[in-house]
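K.L.:
Mind having a look at this structure? Questions to follow.
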């Protein structure tokens with residue numbers, strides 16, 4: 036008969052052997068697993084390096100294309116705005132570089148920028164709509180002129196008022212707005228926090244260029260719609276109105292997207308959705324020229340709803 040001591044020793048030997056087997060097996064498994072993971076990591080790193088190289092090549096090509104457009108722009112837009120004038124509006128999210136570049140291009144094209152006006156954050160905020168509308172409908176409307184009653188939202192009404200005050204060439208029978216009346220409209224909107232502009236007097240213009248930013252955040256509310264309808268409110272008063280936005284402006288609630296999703300706005304306002312690129316800036320100037328010469332508003336760029344990248348020459 037096996038003694039209790041012998042039985043205990045046998046069990047201890049079995050457990051010891053089992054522990055040694057598990058330890059050895061785990062080591063072999065770990066080594067195999069680690070080797071496999073290292074191979075996978077090396078392959079993934081090679082793929083990443085390859086994609087990075089492709090991205091760098093594409094960026095170089097894009098940079099070269101942008102340089103070409105920038106260098107060719109004086110030839111492309113030469114005299115495009117000769118004898119024409121533009122008043123520029125910029126939204127709170129517009130890029131300073133875009134505004135400066137567009138102003139320079141209009142002048143290089145032979146045109147005159149009669150002034151640049153900044154729409155403040157309060158201008159586009161829905162919470163300020165009642166205050167803005169109360170200013171718009173005060174006695175600052177130029178004599179002999181009347182605001183449209185077709186649309187009474189803050190964007191359309193503000194565009195209508197500033198279109199009356201600043202834009203010319205659409206309705207030859209409309210009473211002229213003199214400098215004092217024009218200044219009265221601008222000062223009223225500036226003093227109530229809706230506009231800012233420099234010390235130089237803002238003059239009348241044939242066309243309007245509204246410069247905005249890119250995509251809007253989810254909590255932006257109706258800011259894109261306000262800007263889009265502001266541009267549409269300007270349109271009936273001048274020879275052409277164009278809304279120029281950055282990449283993302285043609286998606287979601289972006290201003291360009293709002294214009295392109297509404298036929299009534301599309302028929303009134305031209306759009307460009309890549310104004311951060313030299314090609315988009317050139318297209319904005321050519322789009323203004325097209326409308327000023329009697330053409331229809333076009334939808335240009337690379338975003339959703341664009342009919343073509345630029346104008347055919």
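In the numbering used here, the protein residues as written are 36 to 348.
Glycine residues also receive a C-beta, built at the ideal position from the N, C-alpha and C atoms.
In this text the structure is predicted, and so the values were computed from the model without any measurement.
Tell me the rounded alpha-carbon separation between residue 136 and residue 273.
P.N.:
22 Å
K.L.:
Where does residue 82 fall in DSSP's three states?
P.N.:
Residue 82 sits in a helix when the DSSP states are folded into three classes.
K.L.:
What residue range is occupied by the uninterrupted beta strand (DSSP E) comprising residue 175?
P.N.:
That residue, residue 175, is in no beta strand (DSSP E); it is neither H nor E in DSSP.
K.L.:
Do residue 160 and residue 246 have their beta-carbon atoms positioned less than 8 Å apart in this structure?
P.N.:
If you check the CB distance, residue 246 and residue 160 do not come in under 8 Å.
K.L.:
So, for residue 99: in the same chain, excluding its five sequence neighbours on each side, which residues have a beta-carbon less than 6 Å away from its beta-carbon?
P.N.:
Low local confidence applies: a pLDDT of 49 at residue 99 is under 50, so the model's placement there is unreliable, with the coordinate-based value given in what follows. Once the five neighbours on either side are set aside, residue 99 has no close Cβ partner at all.
K.L.:
DSSP on residue 99, reduced to helix/strand/coil?
P.N.:
Residue confidence for residue 99 is low, a pLDDT of 49 falling below 50, so the modelled location carries little weight and cannot support an answer.
K.L.:
Quick check: what's the CA-CA separation for residue 178 versus residue 279?
P.N.:
32 Å
K.L.:
What separation, rounded to the nearest whole angstrom, lies between the Cα atoms of residue 331 and residue 302?
P.N.:
8 Å
K.L.:
Going by beta-carbon coordinates alone, are residue 148 and residue 138 separated by less than 8 Å?
P.N.:
Yes, the pair counts as a contact, with Cβ atoms nearer than the cut-off.
K.L.:
When DSSP labels each residue in this structure, what does residue 158 get in the three-state scheme?
P.N.:
Of the three classes helix, strand and coil, the one that applies to residue 158 here is helix, per DSSP.
K.L.:
Where residue 323 and residue 165 are concerned, what is the direct C-alpha to C-alpha distance, given to the nearest angstrom?
P.N.:
32 Å
K.L.:
Taking the C-alpha atoms as reference points, what is the distance between residue 268 and residue 338?
P.N.:
C-alpha separation (whole angstroms): 24 Å.
K.L.:
Run the CB neighbour count on residue 153, radius 10 Å, all protein chains shown included, and call it buried at 16 or more, exposed below.
P.N.:
buried
K.L.:
Please list, in chain order, all residues of the same chain as residue 261 whose beta carbon is under 7 Å from its beta carbon, the five residues on each side excluded.
P.N.:
159, 189 and 190
K.L.:
Could you round the C-beta distance between residue 230 and residue 155 to whole angstroms and report it? I think they count as a contact, below 8 Å.
P.N.:
7 Å
K.L.:
Which one or two residues does DSSP pair with residue 276 in a beta bridge?
P.N.:
Its beta-bridge partners are 243.
K.L.:
In the DSSP assignment, the beta strand (DSSP E) including residue 125 goes from what residue to what residue?
P.N.:
Segment 120 to 125, the beta strand (DSSP E) holding residue 125.
K.L.:
Round the Cβ separation of residue 294 and residue 276 to the nearest angstrom and send it over; I've been treating them as touching at under 8 Å.
P.N.:
So it is not a contact: roughly 10 Å between Cβ atoms.
K.L.:
Please state if the CB of residue 308 and the CB of residue 342 are separated by a distance shorter than 8 Å.
P.N.:
no
K.L.:
Report yes or no: do the region 251 to 259 and the region 171 to 186 share at least 3 C-beta pairs separated by less than 8 Å?
P.N.:
no
K.L.:
In terms of alpha-carbon separation, which member of 169, 201 and 200 lies closest to residue 187?
P.N.:
Ranking 169, 201 and 200 by Cα distance to residue 187 puts 169 first.
K.L.:
According to DSSP, simplified to helix, strand and coil, what is residue 212?
P.N.:
coil
K.L.:
Can you tell me whether DSSP reads residue 318 as helix, strand or coil?
P.N.:
helix
K.L.:
Hey, how far is the Cα of residue 110 from the Cα of residue 145?
P.N.:
For the pair residue 110 and residue 145, the Cα-to-Cα distance works out to about 12 Å.
K.L.:
Just the Cα atoms here: how many angstroms apart are residue 240 and residue 80?
P.N.:
Cα-Cα distance, rounded: 57 Å.
K.L.:
Would you identify the three-state DSSP class for residue 336, choosing helix, strand or coil?
P.N.:
coil
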